[in-house]
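Going by my numbering, the first residue of the sequence shown is number 2, and it counts up by one from there.
One structure is given below, encoded as structure tokens.
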Amino acid sequence: MSADSSESRPVPSNPGSPAYGRPEELPPVKPPSAGFIVQLFLIPALIVMAVVAVWALFGRLADSGTDWGQLVAELGSGNEHRRWRAAQELAQLIRNDQLQPPIDRQPLSANPQVCLALVKLLNESLGQTTTAQDDILHQEFLARCMGSLQDTSQTLPVLALAMQPERDVEVRKSALMAVTTIAGEKFDKAMGFAGDGSDADDNLQRKPLTEPCLADAAVLEQLRVAAQDSEPVVRHLAAYALANVSGPRSMEQLQVMLLDGDRRTRANAVMGLARNGVAAALPELQKLLQEVLQPTVSPEAVAAADETERVLQQRMWQAEQPIMARNCLRAVRDLWFAATAEQRAELKQAVEAIGSTDLFAADVRNQARELLQWVSRE
Numbered sequence: 002m003s004a005d006s007s008e009s010r011p012v013p014s015n016p017g018s019p020a021y022g023r024p025e026e027l028p029p030v031k032p033p034s035a036g037f038i039v040q041l042f043l044i045p046a047l048i049v050m051a052v053v054a055v056w057a058l059f060g061r062l063a064d065s066g067t068d069w070g071q072l073v074a075e076l077g078s079g080n081e082h083r084r085w086r087a088a089q090e091l092a093q094l095i096r097n098d099q100l101q102p103p104i105d106r107q108p109l110s111a112n113p114q115v116c117l118a119l120v121k122l123l124n125e126s127l128g129q130t131t132t133a134q135d136d137i138l139h140q141e142f143l144a145r146c147m148g149s150l151q152d153t154s155q156t157l158p159v160l161a162l163a164m165q166p167e168r169d170v171e172v173r174k175s176a177l178m179a180v181t182t183i184a185g186e187k188f189d190k191a192m193g194f195a196g197d198g199s200d201a202d203d204n205l206q207r208k209p210l211t212e213p214c215l216a217d218a219a220v221l222e223q224l225r226v227a228a229q230d231s232e233p234v235v236r237h238l239a240a241y242a243l244a245n246v247s248g249p250r251s252m253e254q255l256q257v258m259l260l261d262g263d264r265r266t267r268a269n270a271v272m273g274l275a276r277n278g279v280a281a282a283l284p285e286l287q288k289l290l291q292e293v294l295q296p297t298v299s300p301e302a303v304a305a306a307d308e309t310e311r312v313l314q315q316r317m318w319q320a321e322q323p324i325m326a327r328n329c330l331r332a333v334r335d336l337w338f339a340a341t342a343e344q345r346a347e348l349k350q351a352v353e354a355i356g357s358t359d360l361f362a363a364d365v366r367n368q369a370r371e372l373l374q375w376v377s378r379e
């Protein structure tokens, strides 16, 4: 091929041709049509809005006065399934009010019709001598509901019945937890706790109330009975409740419970006394602080157990240690002003150990370090 052969090639007459020396031009870009925009954006938006509207409508219907009134009426139904379904739905509405307080009406927890209906249902259930599992579950559920209702003149008497030793242990546990909730709110108010996590609560020098914050004699008697129950779980829940009830007799009972054979009961007695600023809890608190630094359960505690039981106890120990550590750190803060200089030095040393050990996750170690910063300012 000659050197000038390229010159003999015909030059394309179409400038858009690839042979002209530049890429082929793309077709012009057209803006999207209105129909395309509607399909892509507007229709999905309308679907989402419709879903939200339906959800809001059902939420409003579920929260309407007609709805709770109907549920209260159904609590008196002769149909057991309708009755208990209404109780569950009513309890859910009460919880919804707690999460998002209503603006245009009083909370259902303060509604006298709701309270009377639920109390009546629990009273009737407790009056039946039955051991059927469904009945026990109903009693357990209703006892827990009592802790959410504000009229304690109605709820405390029926809770005293639910706490009686002859009741199923699960029903008693639920009743004790409800009493703890009721007493806790009254205790915080009487003590002047802000309850907002501020230093004002931490710097408050605690002391027991001069009178128990619950005046129901039957409840107070059942708490004393529960504190001596053969079931450890009942005793340690009773200790928790007694701490919130406060008053001289509750503090005396908690000091006796410091000698309980069950570790959880002793721990709740310590935390309860600390919550009330009672220095008698300090020696047992120091023991608990040493225990939480032990990675395994002591051999003496499981000496009589078989291999399966020992493994179970070890797993429970490891699961409970972080909870126990956090509670102990809280108790140190509560009792700091009641401790002597020598006790403070020992407490500080234990807190430093918790803050530096790798036995606990970062949240527990951080709590210990924050406590050290707080005590250094006092």
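For every residue, glycine included, the Cβ atom is placed at its ideal position computed from N, Cα and C.
Residue i: first and last residue of the uninterrupted alpha helix (DSSP H) it sits in
| i | result |
| --- | --- |
| Arg311 | 308-336 |
| Phe188 | 170-192 |
| Arg225 | 218-227 |
| Ser251 | 249-258 |
| Gln114 | 113-127 |
Three-state class that DSSP yields for residue i in the structure shown
| i | result |
| --- | --- |
| Ile104 | coil |
| Ser154 | helix |
| Phe1 | The question about residue 1 has no answer here: the residues shown for the chain are numbered 2 through 379. |
| Glu232 | coil |
| Thr67 | Below a pLDDT of 50, predicted positions are generally treated as unreliable, and Thr67, at 44, falls in that range; no measurement from the model is reported. |
| Arg96 | helix |
| Gln134 | helix |
| Met164 | coil |
| Glu90 | helix |
| Ala340 | coil |
| Lys349 | helix |
| Arg207 | coil |
| Ser110 | helix |
| Gly22 | Bear in mind that the predicted position of Gly22 carries a pLDDT of just 47, short of 50, making it too unreliable to give a figure here. |
| Glu212 | coil |
| Glu76 | It should be noted that the sequence gives Leu, not Glu, for residue 76. Looking at Leu76 - three-state DSSP - the assignment turns out to be coil, as it is neither helix nor strand. |
| Asp197 | Its pLDDT being 48, under 50, Asp197 is placed unreliably by the model, and the measurement read from it follows with that caveat. DSSP places Asp197 in coil when its eight states are reduced to three. |
| Gly356 | helix |
| Ser396 | No information on residue 396 is available, as it lies outside the stretch 2 to 379 that the chain covers here. |
| Leu62 | Residue placement at Leu62 is poorly supported in this model, since its pLDDT is 42, which falls under 50; the coordinates still yield a value, given next. Of the three classes helix, strand and coil, the one that applies to Leu62 here is helix, per DSSP. |
| Trp56 | Its pLDDT being 47, under 50, Trp56 is placed unreliably in this model, and the value from its coordinates should be taken loosely. Note: Trp56 maps to helix in three-state DSSP. |
| Gln368 | helix |
| Leu27 | Caution applies to Leu27, whose pLDDT of 49 falls short of 50 and renders its modelled position unreliable; the value that the coordinates give is listed next. DSSP places Leu27 in coil when its eight states are reduced to three. |
Contact belief for residue i with residue j at Cβ below 8 Å, rounded distance in angstroms
| i | j | result |
| --- | --- | --- |
| Thr182 | Gly128 | Incorrect: roughly 24 Å between the Cβ atoms, too far for contact. |
| Val220 | Val180 | 6 Å |
| Ala332 | Met272 | 5 Å |
| Lys349 | Asn277 | In fact, because the Cβ distance is near 22 Å, the residues do not count as touching under 8 Å. |
| Arg225 | Gln256 | Actually they are not in contact, since the Cβ atoms of Arg225 and Gln256 sit about 13 Å apart, beyond 8 Å. |
| Ala270 | Leu259 | 5 Å |
| Leu150 | Leu100 | Going by Cβ atoms, the distance from Leu150 to Leu100 rounds to 16 Å, so no, they are not a contact pair. |
| Cys329 | Leu360 | Between Leu360 and Cys329 the Cβ distance is about 13 Å, and since that is not below 8 Å, they are no contact. |
| Leu274 | Ala268 | Incorrect: roughly 11 Å between the Cβ atoms, too far for contact. |
| Glu75 | Arg84 | 6 Å |
| Leu372 | Val352 | 5 Å |
| Arg334 | Gly356 | Not a contact, Cβ separation roughly 14 Å. |
| Ala306 | Gln314 | 6 Å |
| Leu109 | Leu94 | 6 Å |
Cβ-heavy atom distance, residue i to the ligand COA, below 7 Å
| i | result |
| --- | --- |
| Glu186 | Among the components modelled here there is no ligand, and therefore nothing to report on the ligand COA. |
(request) May I ask you to verify whether the segment 292-309 touches the segment 232-245, counting CB pairs closer than 8 Å and requiring at least 3? (result) no
(request) Entirely within the segment 267-313 and at least 3 residues each: give me those beta strand (DSSP E) ranges in chain order. (result) Fully enclosed beta strand (DSSP E) runs of 3 or longer: not present.
(message) Does the segment 154-164 come into contact with the segment 176-186, if we say contact requires no fewer than three beta-carbon pairs (one atom in each stretch) closer than 8 Å?
(response) yes
(message) Assess contact between the segment 297-315 and the segment 332-342, defined as three or more Cβ pairs (one per stretch) separated by less than 8 Å. Is contact present?
(response) no
(message) Assess contact between the segment 207-225 and the segment 245-260, defined as three or more Cβ pairs (one per stretch) separated by less than 8 Å. Is contact present?
(response) yes
(request) Evaluate the contact criterion for the segment 320-337 versus the segment 253-263: three or more CB pairs, one atom per stretch, below 8 Å. (result) Under the three-pair Cβ rule at 8 Å, the segment 320-337 does not count as touching the segment 253-263.
(request) For the segment 68-85 and the segment 113-121, state whether three or more C-beta atom pairs, one from each stretch, are separated by less than 8 Å. (result) yes
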